[in-house]
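Protein chains: 2
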Amino acid sequence: MNVFEYPLPVTTVDAALLTLRGERLHVALHRRENIPEQGKLALPGGVIHIDEDVDTDAAVLRVLQQKTGFIPRYIEQLRVFSGKRDNRWDWSVSVAYIALVPLADLEAAGKGVFHFYDVDDLPVDLAFDHRRIIAAAVERVRNKSAYSTLPCALLPEQFTLTQLQKTYEAVLQVKLDKANFRRRIDAMGCVIPTGEFQSGMQRPAKFYRFENVMVFNKAL
Amino acid sequence: MNVFEYPLPVTTVDAALLTLRGERLHVALHRRENIPEQGKLALPGGVIHIDEDVDTDAAVLRVLQQKTGFIPRYIEQLRVFSGKRDNRWDWSVSVAYIALVPLADLEAAGKGVFHFYDVDDLPVDLAFDHRRIIAAAVERVRNKSAYSTLPCALLPEQFTLTQLQKTYEAVLQVKLDKANFRRRIDAMGCVIPTGEFQSGMQRPAKFYRFENVMVFNKAL
DNA sequence: TCGAGTAAGTGTTAATATAGCACTAAGTAT
DNA sequence: ATACTTAGTGCTATATTAACACTTACTCGA
Numbered sequence: 281m282n283v284f285e286y287p288l289p290v291t292t293v294d295a296a297l298l299t300l301r302g303e304r305l306h307v308a309l310h311r312r313e314n315i316p317e318q319g320k321l322a323l324p325g326g327v328i329h330i331d332e333d334v335d336t337d338a339a340v341l342r343v344l345q346q347k348t349g350f351i352p353r354y355i356e357q358l359r360v361f362s363g364k365r366d367n368r369w370d371w372s373v374s375v376a377y378i379a380l381v382p383l384a385d386l387e388a389a390g391k392g393v394f395h396f397y398d399v400d401d402l403p404v405d406l407a408f409d410h411r412r413i414i415a416a417a418v419e420r421v422r423n424k425s426a427y428s429t430l431p432c433a434l435l436p437e438q439f440t441l442t443q444l445q446k447t448y449e450a451v452l453q454v455k456l457d458k459a460n461f462r463r464r465i466d467a468m469g470c471v472i473p474t475g476e477f478q479s480g481m482q483r484p485a486k487f488y489r490f491e492n493v494m495v496f497n498k499a500l
Numbered sequence: 281m282n283v284f285e286y287p288l289p290v291t292t293v294d295a296a297l298l299t300l301r302g303e304r305l306h307v308a309l310h311r312r313e314n315i316p317e318q319g320k321l322a323l324p325g326g327v328i329h330i331d332e333d334v335d336t337d338a339a340v341l342r343v344l345q346q347k348t349g350f351i352p353r354y355i356e357q358l359r360v361f362s363g364k365r366d367n368r369w370d371w372s373v374s375v376a377y378i379a380l381v382p383l384a385d386l387e388a389a390g391k392g393v394f395h396f397y398d399v400d401d402l403p404v405d406l407a408f409d410h411r412r413i414i415a416a417a418v419e420r421v422r423n424k425s426a427y428s429t430l431p432c433a434l435l436p437e438q439f440t441l442t443q444l445q446k447t448y449e450a451v452l453q454v455k456l457d458k459a460n461f462r463r464r465i466d467a468m469g470c471v472i473p474t475g476e477f478q479s480g481m482q483r484p485a486k487f488y489r490f491e492n493v494m495v496f497n498k499a500l
């Protein structure tokens, strides 16, 4: 019991770490080794260390750093999931986060603990309410991507406009017109040429990079 | 200490209860009677009762019911504010909510504990980080109002289109064209005539009510 | 009872934005 | 050289938006 004379719920942070693989959104999951929910697939997460973390943002960054070895390109708070979150486990609070990262970053860091699963074709044995958290995260990312530069966080430092368009198409699940897409991106003003060109096949494509100002537009 | 061997932060819920008064957004605050932050102005809030509340949504509704005597027209989770939230008080977690309510509902219930303050002209002596919470709540409401029917929650059951327009103008802090505004509202399809008319001055205005389906538009 | 005043409500149009498609450009493969 | 592929641009019909003028229906005061 605390000064408020009510039992305190356990507070954790959990991250829906999303990336793009083969033109589809994937989420990072690992198989739990301990009870509760032993053997089930779970999002990276952990309890808050109040002596160490200045706030929940710091807590989730610490957890991700420890479990994956890097800091994601983009992170934002999703929302709280709370209560008896699986009818067996105690009352708890999860502060859920959305994190976006380019596949290349993951492969470079590559602590082999996590596997990636297509968000539109998830396995059945997910721990706690993590299926709900993933669904809410994906919904938010898809909504925001329609009128922002969010998907830039899924690409490496340098990318071509065709790669960028394919990324938007994969996230939004629509086909976009090339000319109109390029005009839109151009109007945002935060995707700028690096001066370099993609080698390899056919006409060399200009490389671009993302000026790290998140731009919100009306719609894509 | 708990099973996780880390001290648990206190978890509370706090609500930015917003209403419209004299064409301006106001927030409900009460003066704290107990330590900490005794004598300062604070949002309605309280600790979670894990034996009573099924989740934080239930907790905030219970707190609002107890403190104000009614359930708001609209409520949504804003986000978590956490850490040592005023440099004196312990590490804590606040799950912040946005609640919208018509002024008439407040006056009808009228437990006289709360006073209303213009969100763009707040007093200086706010408790904890409640100024930040209010700022975040107002920003979200203003953003959402530009492309949704959110402001309908600030009006009584029946209202005229002129009242609705004034509400949007107050929330968004812009002047809107009457004809274009009406076309937009009409296109949303969820603001429908009651058949009644406003008595009183000049040409009688049709009364409308809000079909309780939140509609999201591109922009207003 | 009639004209002035006021707020409700509608119609019209020019400017802008969007979507769809056709085109040109610059490389690779044979 | 010629066909093929991907990069990148230009054009136009259509939809959306913004601005303003207008008609309608009431109240008020002479």
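If you're matching them up, the sequences are chains A and B in order.
According to this note's numbering, the residues represented by the first sequence are 281 to 500, in order.
According to this note's numbering, the residues represented by the second sequence are 281 to 500, in order.
No residue lacks a Cβ here, since even glycine has one placed at the ideal position from N, Cα and C.
How far does the alpha helix (DSSP H) with residue i in it reach, from first residue to last?
i	result
alanine 308/A	That residue, alanine 308/A, is in no alpha helix (DSSP H); its beta strand (DSSP E) goes 304-311.
lysine 364/A	First-last for lysine 364/A: 354-364, but that is the beta strand (DSSP E), not the alpha helix (DSSP H).
tyrosine 427/B	That residue, tyrosine 427/B, is in no alpha helix (DSSP H); it is neither H nor E in DSSP.
asparagine 460/A	458-468
tyrosine 450/B	Per the sequence presented here, residue 450/B reads as alanine, with tyrosine not at that position. Per DSSP, alanine 450/B belongs to the alpha helix (DSSP H) from 441-452.
Identify the residues that DSSP records as bridge partners of residue i: which are they?
i	result
proline 473/A	Tyr488/A
glycine 349/B	Paired residues: none, contrary to the question.
leucine 298/A	Val307/A, Leu380/A
valine 293/B	Gly326/B, Val375/B
leucine 406/B	Leu321/B
Using CA coordinates, which residue listed in the options is at the minimum distance from residue i?
i	options	result
proline 316/B	Ile330/B, Asp366/B, Leu305/B, Thr442/B	Asp366/B
leucine 383/B	Val373/B, Pro431/B, Arg422/B	Pro431/B
alanine 426/A	Arg411/A, Pro436/A, Gln445/A	Gln445/A
aspartate 331/A	Thr429/B, Trp371/B, Tyr488/B	Trp371/B
phenylalanine 487/B	Ser479/B, Ala388/B, Thr474/B, Asn314/B	Thr474/B
leucine 300/A	Val418/A, Val290/A, Leu344/A, Met481/A	Val418/A
lysine 347/A	Ser479/A, Arg311/A, Thr291/A, Val454/A	Arg311/A
alanine 296/B	Leu305/B, Asp333/B, Ala388/B	Leu305/B
leucine 309/A	Val290/A, Ile414/A, Gly302/A	Ile414/A
leucine 441/A	Val451/A, Gly349/A, Lys458/A	Lys458/A
phenylalanine 490/A	Arg353/A, Gly302/A, Tyr286/A	Arg353/A
glutamine 478/B	Leu380/B, Gln443/B, Phe350/B	Gln443/B
phenylalanine 394/B	Phe439/B, Gln357/B, Thr429/B, Leu344/B	Leu344/B
alanine 389/B	Ile351/B, Asp335/B, Arg368/B	Ile351/B
phenylalanine 439/A	Val471/A, Arg464/A, Val404/A, Gly480/A	Val471/A
phenylalanine 492/B	Pro484/B, Gly469/B, Ala485/B	Looking at the sequence provided, one finds asparagine at residue 492/B rather than phenylalanine. Taking only the C-alpha atoms, the option nearest asparagine 492/B is Gly469/B.
aspartate 333/B	Thr292/B, Arg463/B, Val381/B	Thr292/B
valine 451/B	Ala467/B, Asp466/B, Val421/B	Val421/B
isoleucine 355/B	Asp335/B, Leu380/B, Arg368/B, Gly349/B	Leu380/B
leucine 298/A	Asn314/A, Arg368/A, Ala416/A	Ala416/A
Can you tell me where the beta strand (DSSP E) with residue i in it begins and where it stops?
i	result
aspartate 398/B	395-398
valine 327/A	325-327
Touching by the beta-carbon criterion (3+ pairs, under 8 Å), the region 327-347 of chain B and the region 329-348 of chain A: no
Given 8 Å, three or more beta-carbon pairs between the region 325-339 of chain A and the region 397-404 of chain B: no
contact_flag[the region 373-381 of chain A, the region 355-363 of chain A] where n(CB pairs < 8 Å) is 3 or more: yes
Validate contact between the region 434-445 of chain A and the region 306-321 of chain A using beta carbons, cut 8 Å, 3 pairs: no
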